[in-house]
Structure formats: C-alpha cells, structure tokens
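Trainee:
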Amino acid sequence: MALLEVRGLNVSFDTPEGVVHAVNGIDFDLEPGQTLGIVGESGSGKTQTALAIMGLLAENGQAAGSVNFRGQELLGMSAQELSRVRGSKISMIFQDPVSSLNPYMSVGDQLVEVLTHHRNLKRREARERAVEMLRLVRINDPQQRMRQYPHELSGGMCQRIMIAMGLLCQPDLLIADEPTTALDVTVQSQINSLMAELGEKSSTAILLITHDLGVVAGLCDKVLVMYAGEIMESADVHRLFADPRHPYTEGLLRSVPRLDQDQMMNLNTIPGNPPNLLEIPEGCTFSSRCKYAWERCAEKPALELVDDDEEAGRRYKRCHLEELPE
Amino acid sequence: MKKARVLDVKDLSVHFRVDTGSMFRHDYHTIRAVDRVSLRVHSGETLGIVGESGCGKSTLARAILGLIRPTGGKVLWLGEDLTRLDAESLRKKRRELQLIFQDPSGSLDPRMTAGQIIAEPLRIFHPSMARVQIRERVQGMMKLVGLLTDQINRYPHEFSGGQCQRIGIARALVLNPRLVVCDEPVSALDVSIQAQIVNLLRDLQKKLQLSLIFIAHDLSIVRHVSDRVLVMYMGRVMEVADRNSIYHRPAHPYTQALIESVPIPDPVRERARQQRMLTSEMPSPINPPSGCVFRTRCPYAIDACAVSEPKLEKDEHGNRVACIRAGEWRQEAEKAAADAEDGPAAETDPQEPGGS
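Residue numbers (numbering that gives the first Met the number 0), protein chains in the order written: chain A, 0 to 325; chain X, 0 to 355.
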C-alpha cells in the first residue's frame, strides 16, 4: 500500500468575488522513499495541494476528497489528532526559511522543542539529537549555531536548519514547497544536493513542489504536471523529460532557457495567461493557450492511462491528442 | 563588424558608509558595493551582468543611470561624462537612458491607468505635445509590446504580472531611448511568461536598435539574451567575455562555479553532472577578504591570492579575467576530475571550517 493516497482532492476558497477552485479533483500515490515532484505555474494549485494534505489551508478554504496517509484519513481529522501527525510523521519546509523560523527563539531551542513535544525526550537528549541532525545537514560548528538566532544566519543556513527540523522526528513524509526558490544559485545547488542525498539515504518520502524543471530533473522519481488545479500529465521523470505527451508539459520544457544552448534562438513560449480560477473555462482548461487545440477540446478530456510500463510505472495524460505533432 | 561604442564606464565605484556601532558609540565602515568597475556597451548590443544577490549589480545599474551618485570613476555616454552633469542636465539625459524594474506591478502607480503610465514620460519631456499625438504614440507603444489598445484605460491590478511588465517596457521605450537597463526583468515571472518577455525584449532590440544592459542572477537567461556577459562578485568584476566563451571557456573559478550550480532540465545530464560546489557562503562586505575577494570560497586558492587584488587582464581567448591563476586552475581541475575517475577520492566536506 502506498504511503500517501490522494483521491479526488478538491480545494476551494470562498472569496468576496465568488468561489475560487484552486484544486479540482486530483489523484496520486506516493510510495515510501519516493520523491514526487509537482510542477506548474503560479496559481496551478500545487501549494494548495500540499497545504490541504497538511491541514493548513487558510480559513476560507475547504478541502474535499480523501487524503489517506498510512491508512489514516487526514481530511476531517480533529486539530488535536492532526497536530500529532504533523511534525512527527509528516513535516513541511517552506519557501522562505527566514520567516518560517521563530525570531524570538534560538535555533537550538526551536529544534529541541520539536523533540520534547513530539518524542517526549528530555532536554539533554533532545539537544544531542539536534546537534547530530545539524551535522547531518552539513552545518559546521553546530554547538555554536544552536545558540544563535535566525537573524544572525544567512538564508541558506536557515533553510538547512529548516530541513534539519523537518527531519528530526524521522518523518515518513517530507513536504518541501519551493525550498530553494528564495536562495541564490550557488546556495540552491548546495541545498539541492543535500536533498538528493537525503532522498537516497533515508526512507523518507519527499513531496517536492517547484516551478524549476532543472530541480525536478535532478531530484524527483515521478512528476505531476499541474495546470489550473488539475493534473495534466504524470509520469516517471526520465519519460516525462525525454518524451512529453501533453502540450502543456512540452510547452513548459521548451520555454526554459538552457545554459548549454549555443544558438541565440527565440524561446518557445506558451501564449496567453493561466485561466482565472473564479471562472474555469469549459472543456480542456489549457485549450485557449494550446497550439494544437482542435474541435474536440471543447469537451473536457479525462486523465487517461497511456502507458503501463513495468520499469517506469504508469503514465497518465489529460489530452484528446493521441500523439503530439512533430 | 565593429560597432560604435555608446557607453563607456571607467573605474566606477560606489561606496556606502554604514554604522555598525551601538546606541552609544559609532563604528563606521565602508562597504564597497561597486569597486572600480569598467565596462563598455556598443550600439545594438546586449551586455549581461550576472552575480549572486549582494554582488552590487543593481547598484552598478543605478550608478550608471545617475540614480546614485558614484564615489569615483566616469560614466561616458556618447563621450560625455554623466557623473559631472548637474541634476537638471542629467534629468534631460534620462530620455536616452531608461530602466526596467524587477517587480512589474510594484513599479507601476496603482492609481494611474496603463495609458497614463505609458504617457507620463511624454508629458514630462514634451509638455507641449498635443493630447491626440500622445494618445497615438501610447497606442503605438501598446501594440509594439503586445498589449491590446482597448486596455488603455485599465489599472495595473487588472493586468497579470507579464502584462504589467509589458506596460513597464512600453513606458521605458516611449521616449525612444538608446540604452535600456533591465534589472532582473523576468525573475518574478513564471517560466512560460518569462519566455514571452525575453523574446519581446529581443525583438524590440532588433527593431529599435537598442543597447541593453540585462541584469539577472540566472546565468542561463543572461547567456540566452546577451552578446557579452560580465560576472560580478562582491562589487568587483571577475570576468567579461562573449556569450560562448563564458560558457565553454570560463576563465574565472567563480564563473565556473556559477555554471556548475545551474540545474539542467534533463534528468540524465543533470544526474551525471559533476558538481564541485562552492564552499560556504559570501563573506561579509563590511570585512571583505584581502587580495582576491573570491579566494575564501575558491577551490583553487593559493597563498598568493591573499596578497594583492588581481587586475582584469585579457587571456589568450579574449576573456578578460581577474584571477592570478587564470591559466592554471583549469588544469588542476581536469587533473582532479581524472583522479576522481581513477579511484574513489576522499570525500571533501563542502563546508569550510569556521566559515559562515
């Protein structure tokens, strides 16, 4: 059985302008030790998916469907039960590391608090574990860092501490929402290789949310491509990059400027803008921006199984086209 | 083909005085945000400037445009030194030199319509221009940057991020400038929108014979749009070279490190890629390292690097590089790579002891 089974997840928000449908019926499984990437543009619903799993939606948000974690239904769980799962079995790291840490507490106290709260450890044991964990995420001089406050540390250092905190209780699932977006490129690559190493060494499954296809290429086993709150394509990472089957995936891959490209060519673009989530268009949500759109696209395509390979697993896409034109 | 030089920046420095003292005692330090930077831009050319946050790239842009008074050096625009102009003559010169900002919606006045925003420079510089003429020119600009002319009376919040950036571009181009400085113009946008704006800038450059200075932290975008690339670190120029040399023959270890830290969107190549990561993080600009500022993070640093600051010199491929080991470090790197293939080398700790 999968570690995490998400079925028919819907997230909507009541706003003065009307109901915003941020996530519209998504299904996916995450196996133990696996790294799953969710990619898409801003507003595609990737962050709201993660927040719904964690039970951290904003007050005007509602989640429907099912989120099954190790046989336990998370949606509709009481706040008390949820907080027992969060932090110990599932943890999350956010985009902005500096503001995710408590500015009034030393780094050490924040790390120790996690263990005394979730694991009932004595302070002393907890300190030892925390120092050990800081070493694991390659923080030098951890004793000294434990005494410091977040403002004394750089963004990259704070993100390492967030990762250490996320892993303290050896969770089964780590959700990372754009963990390197706010960091400089050189620091980004340090954090990414740290995540890759953790993904390989530990049995923790990682749900990685990002817009950076380069990061996905380096870290993930499987990828979900989201658009307007729906899954457009899901596949093994190698298959997805080598042979995208959905026009949106293809468009995303081609619009990234590549450092190893010698010719100064015009980038391929996806024309237009993502749809307004207050009035999601009928039919295929991507059709207004799709260069291959035809009559059938007025009818909503279903997410269909297109490939079931023993090695690469199942592959789904939501498109009427059998194959993308050359 | 030799093109006319439009901008010639010579030894430009911007120093800030900061007080790190307590409530009772001042403790002044000088931060050299930009330190003796020289660069040239030719007519119709794009110069890319790349570096990590805090390297001084935005300060450099503002000093070139006269938005910050430089501490020293010259900014020669068509032969005239902008740093010696008084405020009024400098303001008049701005017609020819324009700026596009990073945050597309934050740099537009929320209480002005798109049409008013684009028309504002015209009203300021050509106060006698007729309303009809202004309207015509604004509509022309909107078409040029890919906006619909019936959106002229809409407010910034009614536009998406990409469209706001188009308005910002139209505003910058409405006076027919010759040089446009783009400060991280696409880093706040989604990839698909990013590509639209990058293509737009390049088309406009060809159509209008613009010179561009394109500032970004993302080397792949900078390489994509630029003819030449300048790499900055802690206010100093590390390397300047044309777009192909900078990628195929980086002459400075920092350029090499930047190239290595960009992830490649291809799982096979990304996973096979060799990474020599930069050790630790950028040192404090209040107390920069002696000699070469990059030496504390440089895998090839030797004792001599601490002695004097390296000058920018031309190497055999025409890259201009500030590194005393420019000719040697690559051989050392190749040897290390060959050794690593022969047998498992001892794993090095990527964090340098004592660094923070």
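In this text, a Cβ means the ideal position worked out from N, Cα and C, and glycines have one as well.
None of these values were measured; they are calculated from a predicted model.
Helix, strand or coil for C219 (chain A)? Go by DSSP, reduced to three states.
Mentor: It is coil, neither helix nor strand.
Trainee: Mind checking if V214 (chain A) is an interface residue toward chain X, Cβ cutoff 8 Å exclusive?
Mentor: By this cut-off, V214 (chain A) is an interface position.
Trainee: Using 8 Å as the limit for Cβ to Cβ distance, is H360 (chain A) near chain X?
Mentor: Not covered by the structure: residue 360 (chain A). The range shown for chain A is 0 to 325.
Trainee: Can you pull the chain X residues whose beta carbon is under 7 Å from the beta carbon of V186 (chain A), in chain order?
Mentor: The answer, in chain order, is E280.
Trainee: Among X:A3, X:L207 and X:I30, which has the Cα closest to the Cα of F15 (chain X)?
Mentor: For F15 (chain X), the nearest C-alpha among the options comes from X:I30.
Trainee: Measuring alpha carbon to alpha carbon, tell me which residue in X:R61, X:S283, X:G290 and X:I263 is nearest R93 (chain X).
Mentor: Among X:R61, X:S283, X:G290 and X:I263, the Cα nearest to that of R93 (chain X) is on X:R61.
Trainee: Could you tell me the distance, in whole angstroms, from the CA atom of L121 (chain X) to the CA atom of L174 (chain X)?
Mentor: Each residue's Cα considered, the two are about 7 Å apart.
Trainee: Anything in chain X within Cβ reach of V236 (chain A), meaning under 9 Å, just list it in chain order.
Mentor: Neighbours of V236 (chain A) on chain X, chain order: P266.
Trainee: Count Cβ pairs between the region 227-245 of chain A and the region 273-289 of chain A that sit closer than 8 Å; are there 3 or more?
Mentor: Verdict: yes, contact present.
Trainee: Where do the N-terminal and C-terminal ends of the beta strand (DSSP E) with M128 (chain X) fall, by residue?
Mentor: No beta strand (DSSP E) holds M128 (chain X); DSSP gives it neither H nor E.
Trainee: Pull up the distance between the alpha-carbon of D18 (chain X) and that of T48 (chain A), whole angstroms please.
Mentor: Each residue's Cα considered, the two are about 46 Å apart.
Trainee: Just the Cα atoms here: how many angstroms apart are Q260 (chain A) and Q101 (chain X)?
Mentor: So the two alpha carbons sit approximately 25 Å from each other.
Trainee: Nearest CA to the CA of R69 (chain A): which residue from A:D171, A:S233 and A:L252?
Mentor: Comparing Cα-Cα distances from R69 (chain A) to each of A:D171, A:S233 and A:L252, the minimum goes to A:D171.
Trainee: Comparing the C-beta of E199 (chain A) with each C-beta of chain X, is any distance below 8 Å?
Mentor: No - not a single Cβ of chain X is within 8 Å of the one on E199 (chain A).
Trainee: Pull up the CB-CB distance for K310 (chain X) and A303 (chain X), whole angstroms please, since I reckon it's below 8 Å.
Mentor: Between A303 (chain X) and K310 (chain X) the Cβ distance is about 14 Å, and since that is not below 8 Å, they are no contact.
Trainee: Report the start-end ranges of each beta strand (DSSP E) in the region 23-105 of chain A that is 3 residues or longer and not cut off at the edges.
Mentor: For the region 23-105 of chain A, whole beta strand (DSSP E) runs of length 3 or above, ordered along the chain, are 34-38, 60-68 and 89-92.
Trainee: Taking the C-alpha atoms as reference points, what is the distance between R39 (chain X) and V228 (chain X)?
Mentor: Answer to the nearest angstrom: the Cα atoms are 11 Å apart.
Trainee: If we ignore side chains and look at the alpha-carbon of each, how far apart do A175 (chain A) and G53 (chain X) end up?
Mentor: Their backbone Cα atoms lie some 26 Å apart in a straight line.
Trainee: Checking the sheet assignment: what are the DSSP bridge partners for H20 (chain A)?
Mentor: H20 (chain A) pairs with A:S11.
Trainee: Could you say which of A:F27, A:Q169, A:S82 and A:Q147 lies nearest to Y103 (chain A) if we only look at CA atoms?
Mentor: Looking at the Cα atoms, A:Q147 is the closest of the given residues.
Trainee: Return the chain-ordered list of same chain residues with a C-beta closer than 8 Å to the C-beta of A204 (chain A), the five sequence neighbours on each side being excluded.
Mentor: Taken in chain order, the residues that qualify are L2, L3, L29, E30, P31, G32, Q33, T34, L35, D171, L172 and L173.
Trainee: Please identify, using Cβ separations under 9 Å, the residues of the region 310-322 of chain X that lie next to chain A, in order along the chain.
Mentor: Listed by position, the residues of the region 310-322 of chain X near chain A (Cβ gap below 9 Å) amount to none.
Trainee: Quick one: list the residues of chain A neighbouring Y232 (chain X), beta-carbon separation under 7 Å, in chain order.
Mentor: The premise fails here: Y232 (chain X) is roughly 10 Å from chain A at the closest Cβ pair, so nothing lies under 7 Å.
Trainee: Identify which residue in X:P249, X:D189, X:Y27 and X:V180 has its Cα closest to the Cα of Q204 (chain X).
Mentor: Of X:P249, X:D189, X:Y27 and X:V180, the residue nearest in Cα terms is X:V180.
Trainee: Which residues in chain X sit within 7 Å of V66 (chain A), going by Cβ to Cβ distance?
Mentor: Correct list: empty, because the minimum Cβ distance to chain X is about 27 Å.
Trainee: Considering only their Cβ atoms, is the gap separating L66 (chain X) from V36 (chain X) smaller than 8 Å?
Mentor: It is not a contact, given that the beta carbons lie outside the stated cut-off.
Trainee: Are the region 94-111 of chain A and the region 151-160 of chain A touching by the rule of at least three beta carbon pairs closer than 8 Å?
Mentor: With the cut-off at 8 Å, the region 94-111 of chain A and the region 151-160 of chain A touch.
Trainee: If you count every other CB in all the chains shown that lies within 10 Å of the CB of A80 (chain A), and 16 or more means buried, which is it?
Mentor: The amino acid occupying residue 80 (chain A) in the given sequence is Glu; Ala does not appear at that position. So E80 (chain A) ends up on the exposed side.
Trainee: Going residue by residue through the region 207-274 of chain A, where are the continuous beta strand (DSSP E) segments of at least 3 residues, counting only ones entirely within it?
Mentor: With a minimum length of 3 residues, the continuous beta strand (DSSP E) runs that stay inside the region 207-274 of chain A are 221-226 and 229-235.
Trainee: The beta strand (DSSP E) with I48 (chain X) in it runs from where to where?
Mentor: Run containing I48 (chain X): T45 to V49, per the beta strand (DSSP E) assignment.
Trainee: Please state if the CB of R248 (chain X) and the CB of L258 (chain A) are separated by a distance shorter than 8 Å.
Mentor: No; because the gap between Cβ atoms is not below 8 Å, this pair is not in contact.
Trainee: Please confirm whether V261 (chain X) has its beta-carbon closer than 8 Å to some beta-carbon of chain C.
Mentor: Included in the structure are the protein chains A and X, with no chain C among them.
Trainee: To the nearest angstrom, how far is it from the Cα of A32 (chain X) to the Cα of G54 (chain A)?
Mentor: Spanning the two alpha carbons is a distance of roughly 45 Å.
Trainee: With 8 Å as the threshold, decide whether the Cβ of Y383 (chain X) is near any Cβ in chain A.
Mentor: Nothing in the structure corresponds to residue 383 (chain X), since chain X is present only between 0 and 355.
Trainee: Touching or not, the region 188-195 of chain X and the region 206-215 of chain X, by the rule of three or more beta carbon pairs under 8 Å?
Mentor: No, the region 188-195 of chain X is not in contact with the region 206-215 of chain X.
Trainee: Just to confirm before moving on: does the CB-CB distance between M264 (chain A) and R317 (chain A) stay below 8 Å?
Mentor: No; because the gap between Cβ atoms is not below 8 Å, this pair is not in contact.
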